[in-house]
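Enquirer:
Protein chains: 2
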Amino acid sequence: MEFERAPVMADVARAAGVSHQTVSRVLNDHPNVRPTTRDRVLVAIRELGYRPNAAARTLVTRRTRTLGVISFNTTLYGPASMLYGIEQAARQYDYFVTVAALAALDRRSVLEAVDRLRDQAVEGIIVIAPQTTAVGALAKVPADVAVVAVGCGTHASLASVAVDNQAGAERATSYLLDLGHRTVHHLAGPRSWLDAQEREAGWRRSLERRGAPQVDPMAGGDWSARTGYEFGVRITADPSVTAVFCANDHMALGLLRALQQGGRRVPEDVSVVGFDDIPEAEYFGPPLTTVRQDFDEVGRRALRALIEMIGAAGPGGPATGPGRGPRGSRAEAPRVAIEPTLVVRASAARPGG
Amino acid sequence: MEFERAPVMADVARAAGVSHQTVSRVLNDHPNVRPTTRDRVLVAIRELGYRPNAAARTLVTRRTRTLGVISFNTTLYGPASMLYGIEQAARQYDYFVTVAALAALDRRSVLEAVDRLRDQAVEGIIVIAPQTTAVGALAKVPADVAVVAVGCGTHASLASVAVDNQAGAERATSYLLDLGHRTVHHLAGPRSWLDAQEREAGWRRSLERRGAPQVDPMAGGDWSARTGYEFGVRITADPSVTAVFCANDHMALGLLRALQQGGRRVPEDVSVVGFDDIPEAEYFGPPLTTVRQDFDEVGRRALRALIEMIGAAGPGGPATGPGRGPRGSRAEAPRVAIEPTLVVRASAARPGG
DNA sequence: GGCAGGATTGTTAGCGCTAACACCCGCCGG
DNA sequence: CCGGCGGGTGTTAGCGCTAACAATCCTGCC
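Protein sequence lines, in the order shown, are assigned to chains A and B.
If you read the first sequence in the numbering used here, its first letter stands for residue 5, the second for the next number, and so on.
If you read the second sequence in the numbering used here, its first letter stands for residue 5, the second for the next number, and so on.
1) Quick check on the DSSP output: the beta strand (DSSP E) that includes residue 280 of chain B runs from which residue to which?
2) Taking contact to mean at least 3 C-beta pairs separated by less than 8 Å, is the stretch 143–152 of chain B in contact with the stretch 198–217 of chain B?
3) Smallest Cα separation from residue 236 of chain B: which of B:83, B:244, B:256, B:174?
4) Taking a cut of 8 Å between CB atoms, which residues from the stretch 239–261 of chain A lie near chain B?
5) Assuming contact is defined by CB atoms lying nearer than 7 Å, are residue 13 of chain A and residue 27 of chain A in contact in what I supplied?
6) Measure how close the beta-carbons of residue 190 of chain B and residue 204 of chain B come, nearest whole angstrom, since I'm counting them as under 8 Å.
7) Checking contacts by CB at 7 Å: is residue 101 of chain A closer than that to chain B?
8) On the three-state DSSP scale, how would you describe residue 113 of chain A?
9) Scan the stretch 298–315 of chain B for residues whose Cβ lies nearer than 8 Å to a Cβ of chain A and list them as they occur along the chain.
10) Kindly indicate which three-state DSSP category residue 80 of chain A falls into: helix, strand or coil?
11) Could you name the residues of the same chain whose beta carbon sits closer than 7 Å to that of residue 56 of chain A, not counting the 5 residues immediately before and after it, in chain order?
12) Please state if the CB of residue 111 of chain B and the CB of residue 136 of chain B are separated by a distance shorter than 7 Å.
13) For residue 300 of chain A versus residue 85 of chain A, is the C-beta spacing smaller than 7 Å?
14) Would you identify the three-state DSSP class for residue 96 of chain A, choosing helix, strand or coil?
15) Can you list the residues of chain A that residue 123 of chain B reaches, using a CB-CB cut of under 9 Å?
16) Of the residues that make up the stretch 270–286 of chain B, which ones have a beta carbon closer than 8 Å to any beta carbon in chain A?
17) Any idea what DSSP makes of residue 339 of chain A, helix, strand or coil?
18) Would you check whether the ligand SAM has a heavy atom nearer than 6 Å to the C-beta of residue 215 of chain A?
19) Does any residue of chain A have a CB that is nearer than 7 Å to the CB of residue 427 of chain B?
20) What are the partner residues of residue 135 of chain A, as DSSP defines its beta bridges?
21) Beta carbon of residue 71 of chain A, beta carbon of residue 54 of chain A: below 7 Å?
22) So, at 8 Å on beta carbons, what are the nonlocal neighbours of residue 19 of chain B in its own chain, with the 5 sequence-adjacent residues on each side left out?
23) Tell me, please, which residues DSSP counts as bridged to residue 294 of chain B.
24) Taking C-beta to C-beta, are residue 296 of chain A and residue 344 of chain A nearer than 7 Å?
25) For residue 127 of chain A and chain B, any beta-carbon pair shorter than 7 Å?
26) Given a limit of 8 Å on CB to CB distance, which residues of the stretch 213–243 of chain B reach chain A?
27) In this structure, how does DSSP classify residue 70 of chain B when only helix, strand and coil are distinguished?
28) In its own chain, which residues sit with a C-beta less than 6 Å from the C-beta of residue 323 of chain B, not counting the 5 before and 5 after it?
29) Taking CB distances under 7 Å as the criterion, tell me whether residue 108 of chain B reaches chain A.
30) Is residue 287 of chain A near residue 233 of chain B, with beta carbons less than 7 Å apart?
31) How would you label residue 96 of chain B, buried or exposed, when you count the other beta carbons within 10 angstroms and need 16 or more for buried?
32) With a threshold of 16 other CB atoms inside 10 Å of the CB of residue 3 of chain B, please say whether the residue is buried or exposed.
33) Taking all protein chains shown into account, do 16 or more other C-beta atoms lie within 10 angstroms of the C-beta of residue 261 of chain B, making it buried, or fewer, making it exposed?
34) Distance cutoff 7 Å, beta carbons only. Does residue 63 of chain A sit that close to anything in chain B?
35) For residue 135 of chain B, return the contacting residues in chain A, with the cut-off set at a CB-CB distance below 7 Å.
36) Work out the CA separation of residue 105 of chain A and residue 142 of chain A for me, nearest whole Å.
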């Protein structure tokens with residue numbers, strides 16, 4: 005039995021009675037092709053089921069139309085949503101997205117992931133790993149790859165797209181204060197995450213501004229319901245706590261559970277506000293008042309920023325004249341901030357009910 | 005300022021004083037290269053910061069070492085976890101993973117995604133879209149691409165890896181029956197999902213086996229807490245319902261919320277069992293008894309199955325590994341079932357307390 | 001000392017595509 | 001009637017790499 009290989013451009017050319025270059029021209033929408041010729045070529049392409057060879061094309065054009073996404077934990081709602089937003093947007097711009105999941109979040113892992121992606125010749129990289137270590141590692145990435153970080157806050161010298169965590173935290177805290185609480189406690193996320201740092205900063209700043217008594221944040225949370233629960237057990241024993249702002253919804257869930265188990269009613273005895281607005285937040289007991297961030301939008305914006313960087317300082321350096329210096333893509337480092345909104349539900353109320 | 009292009013193999017060869025072919029041999033671990041030569045080449049590679057051109061290599065080897073993953077909703081915990089497991093495993097096998105998120109789940113979208121991935125010359129595709137429509141569409145995919153579906157149950161003529169939904173559902177239902185409930189109600193997932201169908205079938209079968217009264221399933225759920233809540237409202241009004249098996253944890257969460265709001269205690273008045281064991285399940289009020297599926301493992305197994313298919317029928321034949329003769333495996337739509345386990349927590353108890 | 005035969009290295013020919021240029025045609029103005 | 005022009009097309013030369021084969025260099029051994 006004859007082994008039939010996939011048709012190549014020459015096969016199409018033969019079938020259409022033209023040269024392979026004309027086929028190429030049709031494929032790339034070159035202007036000067038006679039309509040009748042174009043049609044003949046298109047017919048031949050369809051009949052043979054021809055599919056251009058991406059590798060060959062890449063070899064000569066030096067463009068892969070592929071973007072890399074590095075993510076620490078795609079299992080969390082936030083990162084997963086961003087990845088989704090990124091892919092959707094990438095498709096519109098006709099880019100492929102390849103992912104690199106990080107096993108750990110140390111500097112080495114990040115650089116390894118970058119390396120891996122570069123081996124595949126991605127034209128740019130989006131990093132969804134908002135830990136300080138990751139950002140530090142990113143600074144070490146050679147300047148010839150476009151990199152955009154998401155959720156890494158206001159860090160310098162790196163293009164980034166992020167929700168304004170601090171503003172969101174301030175909003176949540178002020179809301180609780182407005183309700184009449186003397187002060188607000190904070191269940192913080194991991195210190196190594198910039199989001200966590202910024203939320204903590206926003207909380208603290210709100211307290212300061214309103215002249216509310218400063219209290220220590222409850223540190224050591226890891227975003228999980230588990231740690232929220234552990235903190236909740238401690239809070240249950242402390243009647244002075246009437247309002248808690250949690251760094252994310254999952255921890256709020258654990259907290260809610262502990263409170264309920266300890267016999268403290270929410271929101272009558274303790275008010276709770278979360279951050280993220282995961283889809284389930286509405287169905288917690290009670291429905292969680294929280295700060296919504298539009299992850300999808302973050303992903304889309306990050307992608308757009310990356311594409312812009314690629315377009316500006318293109319891959320492989322387009323024929324910029326000699327004497328033209330390198331584009332300062334790093335120096336300009338566009339920073340997009342997206343405004344979160346407070347979603348009021350039933351987990352926060354005036355103290356005492 | 006001299007414009008420097010990325011070094012190519014010839015540059016390395018020159019620097020090391022060998023031919024480019026020797027460099028290629030070093031890169032590809034060919035046996036007959038003198039150690040001293042190899043070292044010289046490696047040094048040159050490091051010094052020049054040489055990075056092989058993937059496109060050129062692909063062009064001649066006809067291998068991209070890239071796999072595609074099609075996913076409907078990566079935002080859900082299950083799909084996200086599988087994607088994670090897949091990527092982890094892919095890295096071990098030295099494959100890249102590119103994702104294609106589906107906007108809708110109709111046949112056309114699936115085929116478009118497949119097409120897109122084929123344009124990128126992926127060597128195989130994993131589909132995480134366990135709807136019946138998706139499976140139908142997959143049958144239309146040309147046989148020259150390896151495809152593995154995950155979570156699409158026991159469908160014929162398609163390689164697949166899935167959790168044994170039916171067994172899990174039976175286990176959950178029997179557990180409730182063992183507790184002493186007269187019968188068990190079922191909050192079903194969307195009919196178009198095979199997982200949902202199988203869980204429903206498992207539930208029904210368990211009822212039959214045990215001679216428990218058959219009741220109609222509550223249909224129309226869409227996996228979200230929202231629909232769980234809506235069903236919960238209905239159940240609250242019906243005191244005959246003492247035990248509910250939910251097709252997933254999110255719906256169970258909504259159900260719990262509605263029950264609590266309606267003044268029915270869990271598990272004293274109503275027992276609830278979920279499916280999935282998402283990380284938060286442990287912190288629901290009360291902690292959810294549920295069926296755990298090991299998504300990570302599903303992802304890993306799917307990847308392994310795909311790699312095997314590629315190796316067996318793959319492009320350019322099997323890799324020239326250090327192994328011995330040809331392996332006798334053949335692509336005959338392997339079907340892997342993974343056993344779920346029941347995780348007992350506090351949401352189910354004997355009727356009446 | 002010479003030669004078989006394996007180890008080691010070099011040379012050549014593409015992989016399938018696009019860029020650059022050459023070529024052909026018909027038409028215009030001079 | 002010729003040179004020039006500009007659409008439309010073909011020809012040629014790589015892109016950077018690996019596979020095949022050719023050419024060396026060693027060994028050990030008679």
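Ideal Cβ placement from N, Cα and C applies to all residues, glycine included.
Expert: On the basis of the coordinates in this document:
1) Its beta strand (DSSP E) spans residues 275–280.
2) Between the stretch 143–152 of chain B and the stretch 198–217 of chain B there are fewer than three C-beta pairs closer than 8 Å, too few to call the two in contact.
3) Per the C-alpha coordinates, the member of B:83, B:244, B:256, B:174 positioned closest to residue 236 of chain B is B:256.
4) The residues in question are 254, 257, 258, 260, 261.
5) A contact, by the Cβ cut-off of 7 Å.
6) Contact between residue 190 of chain B and residue 204 of chain B holds: their C-beta atoms lie close to 6 Å from each other, under 8 Å.
7) Among the residues facing chain B, residue 101 of chain A is included, as its CB has a counterpart in that chain under 7 Å away.
8) Correct three-state label for residue 113 of chain A: helix.
9) If the cut-off is 8 Å between Cβ atoms, the stretch 298–315 of chain B has nothing near chain A.
10) Residue 80 of chain A: coil per DSSP, three-state reduction.
11) The beta carbon of residue 56 of chain A sits closer than 7 Å to those of 31, all from its chain and outside the five residues before and after it, given in chain order.
12) With a cutoff of 7 Å on beta-carbon distance, residue 136 of chain B and residue 111 of chain B are scored as not near each other.
13) It is a contact, given that the beta carbons lie within the stated cut-off.
14) The three-state reading of DSSP puts residue 96 of chain A in helix, counting H, G and I together.
15) Within 9 Å Cβ-Cβ: 55, 56, 58, 100.
16) Against chain A - using a Cβ distance shorter than 8 Å - the residues of the stretch 270–286 of chain B are 283, 284, 286.
17) The answer is strand: DSSP assigns residue 339 of chain A an E or B state.
18) Looking at this structure, you won't find the ligand SAM or any other ligand, since it has none at all.
19) Since the first residue of chain B shown is 5 and the last is 357, residue 427 of chain B is not available in this structure.
20) Residue 135 of chain A is bridged by DSSP to A:197.
21) For the pair residue 71 of chain A and residue 54 of chain A, the CB atoms are not nearer than the 7 Å cut-off.
22) Result list for residue 19 of chain B: 48, 51, 52, in chain order.
23) Beta-bridge pairing links residue 294 of chain B to B:278, B:347.
24) Closer than 7 Å, so yes.
25) Not a single CB atom of chain B sits nearer than 7 Å to the CB of residue 127 of chain A.
26) Those would be 228, 229, 230, 232, 233, in chain order.
27) The answer is strand: DSSP assigns residue 70 of chain B an E or B state.
28) Low confidence applies here, because residue 323 of chain B scores a pLDDT of 35, under 50, leaving its location unreliable and the question unanswered by this model.
29) Output row for residue 108 of chain B: interface = no.
30) Yes, they are a contact pair.
31) With fewer than 16 other Cβ atoms within 10 Å, it is exposed.
32) The structure shown does not extend to residue 3 of chain B, since chain B spans only 5 to 357, so no value can be given for it.
33) So residue 261 of chain B ends up on the buried side.
34) Closer than 7 Å to the CB of residue 63 of chain A there is at least one CB belonging to chain B.
35) One finds nothing in chain A with a Cβ atom closer than 7 Å to the Cβ of residue 135 of chain B; even the nearest lies about 17 Å away.
36) Their Cα atoms are separated by approximately 16 Å.
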